[in-house]
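J.: Here it is: the structure, laid out below.
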Amino acid sequence: MIFGIRAVIEAVEAGKDIDKILIKKDLQGELVQELFASVKGQNIVVQRVPIEKINRITRKNHQGVVAFISAVTYQKLENIIPSLYEEGKIPFIVVLDGVTDVRNFGAIARTCECAGADAIVIPERNSVSVNADAIKTSAGALHHIPVCREYSVFEAIRFLQNSGLRIVAATEKASCNYTSIDYCGPVAIVMGAEDTGVSADVLKICDHRAALPLMGTISSLNVSVAAGIMMYEVVRQRMGTRE
């Protein structure tokens with residue numbers, strides 16, 4: 000964590016991997032404008048928050064500004080996909096549309112690494128980020144699998160489609176069983192938020208909607224469990240093509 004306006008500006012300009020910056024809601028002045036100018040065009044989340052929130056984080060002389068250093072370096076999806084094709088790999092991407100629970104994120108990342116997924120995609124806002132708790136829950140997997148934090152899940156999926164990937168959204172609203180889809184080619188699996196699932200605008204553009212059968216009275220699975228089932232269907236099918 001870094002606090003103080005000048006200290007945060009210097010960290011940004013030094014190229015530190017900053018996950019998020021919190022700025023007091025009504026804070027103004029030349030240094031604040033300089034801070035906004037320094038983060039312009041960079042993949043850094045900036046939030047205006049009440050002073051009480053910053054005071055709960057630190058009581059030191061923060062001057063109304065606190066920044067959090069990212070635990071990993073976020074990757075660019077536009078760099079990952081071409082590299083995979085150049086290496087002769089069949090891309091396998093997991094997209095998290097609004098997952099906010101750090102334990103779910105860590106568990107999904109651990110399964111991603113074990114199942115051989117090539118990258119995880121998360122949005123800049125309304126999403127978890129890679130912090131110490133996530134890394135611990137992932138059993139260190141987040142040090143080994145690229146995480147791409149994109150401005151928009153919608154645009155990220157459009158990019159993946161244009162790059163030749165089939166997009167499969169996991170949703171209980173689907174009539175198609177998840178095992179009936181072919182995952183052997185380039186594919187991205189989309190998992191939704193814990194409470195609302197995959198967002199409606201994202202569902203509309205996905206190539207397939209897949210459902211996991213539910214035999215009990217509860218209407219949905221935990222997202223990390225559902226993600227694990229989906230990922231290992233990819234593994235099962237791809238292993239079958241090598242037999």
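Sequential numbering of the sequence shown, starting at 0, is according to numbering that gives the first Met the number 0. Heads up, the beta-carbon is just placed ideally off N, CA and C, and yes, glycines get one too.
#1: For Glu-149, which of helix, strand or coil comes out of DSSP?
#2: Taking the alpha carbon of Ile-56 as the reference point, which residue from Gly-28, Leu-21, Ile-166 and Glu-9 has its own alpha carbon closest?
#3: Do three or more CB pairs link the stretch 116-123 to the stretch 213-226 at distances below 8 Å?
#4: What do you get for Ala-199, buried or exposed, if any count of 16 or more other CB atoms within 10 angstroms of its CB means buried?
#5: Based on the DSSP output, what are the partners of Pro-185 in its beta bridges?
#6: Which complete alpha helix (DSSP H) runs does the stretch 28-96 hold, if anything under 4 residues is left out?
#7: Got a sec? Which residues, its chain only, sit under 7 Å from Pro-212 by beta carbon, not counting five neighbours each side?
#8: Tell me, please, whether the stretch 69-81 touches the stretch 26-33 by the rule of three or more beta-carbon pairs shorter than 8 Å.
#9: In the structure shown, what three-state DSSP assignment does Gly-196 receive?
#10: Of all the options Val-65, Asp-132 and Ile-17, which has the alpha carbon lying nearest to the alpha carbon of Ile-4?
#11: Which first and last residues belong to the alpha helix (DSSP H) in which Ala-173 is found?
#12: Rank Gly-115, Phe-2 and Thr-72 by C-alpha distance to the C-alpha of Leu-83 and give the top, closest one.
#13: Can you check which of these residues, Asp-206, His-207 and Ser-223, is closest to Asp-194 by C-alpha distance?
#14: Nearest-angstrom Cα distance between Met-214 and Ala-187?
#15: Might you give, ordered along the chain, the residues of its own chain that have their beta carbon closer than 6 Å to the beta carbon of Ala-138, omitting 5 neighbours on each side?
T.: Looking at the coordinates:
#1: Indexing the sequence shown from 1 puts residue 149 at position 150. Correct three-state label for Glu-149: strand.
#2: Stepping through the sequence shown from its first residue, residue 56 is reached at position 57. If we check each option's Cα against that of Ile-56, Leu-21 comes out closest.
#3: no
#4: The sequence position of residue 199 within the sequence shown is 200, counting from 1. So Ala-199 ends up on the exposed side.
#5: Working through the sequence shown from its first residue, we reach residue 185 at position 186. Bridge partners of Pro-185: none, in fact.
#6: Those alpha helix (DSSP H) runs which fall completely within the stretch 28-96 and span 4+ residues are 29-38, 50-56 and 76-85.
#7: Working through the sequence shown from its first residue, we reach residue 212 at position 213. Closer than 7 Å at Cβ, skipping near neighbours: Asn-176.
#8: no
#9: Here residue 196 is taken as the residue at index 197 of the sequence shown, counted from 1. Gly-196: strand per DSSP, three-state reduction.
#10: Start at 1 with the first residue of the sequence shown, and residue 4 comes out as number 5. Ranking the options by Cα distance to Ile-4, first place goes to Val-65.
#11: Against the sequence shown, residue 173 aligns to sequence position 174. Taken as a continuous stretch (DSSP letters only), Ala-173 belongs to no alpha helix (DSSP H), as it is neither H nor E.
#12: Mapped onto the sequence shown, residue 83 falls at position 84. Checked all of Gly-115, Phe-2 and Thr-72; the closest Cα to Leu-83 is Gly-115.
#13: The count along the sequence shown starts at 1 and reaches residue 194 at position 195. Cα-wise, what sits closest to Asp-194 is Ser-223.
#14: Sequence index remark: in the sequence shown, residue 214 carries index 215 (1-based). Sequence index remark: in the sequence shown, residue 187 carries index 188 (1-based). Cα-Cα distance, rounded: 26 Å.
#15: Translated into the one-based positions of the sequence shown, residue 138 becomes position 139. Cβ neighbours of Ala-138 beyond the five flanking positions: Arg-109.
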